[in-house]
Amino acid sequence: MIPEIPAPIAKIFEMALARMGTKLPKLWAENKTQFLISYSGGKDSSILVLFWKYLMDRYQIQTPKLFYLSHGIRSIEQEEKELFQFLESMNFPFLFVKKKSQIYLSN
1 MIPEIPAPIA KIFEMALARM GTKLPKLWAE NKTQFLISYS GGKDSSILVL
51 FWKYLMDRYQ IQTPKLFYLS HGIRSIEQEE KELFQFLESM NFPFLFVKKK
101 SQIYLSN
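Numbering of the sequence shown is given in full-length UniProt numbering, commencing with residue 1 and proceeding in unit increments.
Here it is in structure tokens:
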């Protein structure tokens with residue numbers, strides 16, 4: 001199930017679109033432009049993923065592919081599990097790479 005975008009966040013997205021204009025999202029939809037989003041799990045990239053979902057719902061742009069890389073510098077298994085679950089919930093194709101370890105592919 002893809003999470004719903006809360007109304008306050010959707011309002012912020014509307015303001016962002018008002019500033020940037022709708023020309024680009026419409027062009028992306030017309031040209032079926034493909035995108036790859038590097039996802040870190042932080043607040044910025046999580047908001048970017050939600051914004052992309054919003055653009056998809058509003059303009060029928062292509063579903064992006066997401067990429068996450070764990071450098072394996074420290075053990076963050078629980079955090080990675082939560083990231084993996086979030087990415088799966090968004091229903092976007094993603095590549096989840098753990099350096100010096102396994103590679104998980106979806107879709």
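Glycine included, C-beta positions come from ideal geometry on N, C-alpha and C.
Extent of the continuous alpha helix (DSSP H) to which residue i belongs
i, result
"residue 12", "7-20"
"residue 81", "77-90"
"residue 45", "43-59"
"residue 98", "First-last for residue 98: 94-98, but that is the beta strand (DSSP E), not the alpha helix (DSSP H)."
Exposure of residue i, with buried meaning 16 or more beta-carbon neighbours within 10 Å
i, result
"residue 96", "buried"
"residue 1", "Reliability fails at residue 1, whose pLDDT of 42 lies under 50, so the model's placement of it is uncertain and the value that follows must be treated cautiously. Classification of residue 1: exposed, given that the 10 Å Cβ count is below 16."
"residue 81", "exposed"
"residue 92", "buried"
"residue 27", "exposed"
"residue 43", "exposed"
Top-ranked residue by Cα proximity to residue i, from the options
i, options, result
"residue 6", "81, 47, 77", "47"
"residue 68", "16, 33, 31, 41", "41"
"residue 86", "56, 39, 24", "39"
"residue 61", "45, 51, 84, 33", "33"
"residue 37", "29, 31, 49, 30", "49"
"residue 65", "94, 15, 54", "94"
For residue i, the first and last residue of its enclosing beta strand (DSSP E)
i, result
"residue 65", "65-70"
"residue 38", "36-38"
Spatial distance of residue i from residue j (CA atoms)
i, j, result
"residue 13", "residue 90", "17 angstroms"
"residue 18", "residue 24", "12 angstroms"
"residue 98", "residue 76", "11 angstroms"
"residue 8", "residue 51", "12 angstroms"
"residue 55", "residue 79", "27 angstroms"
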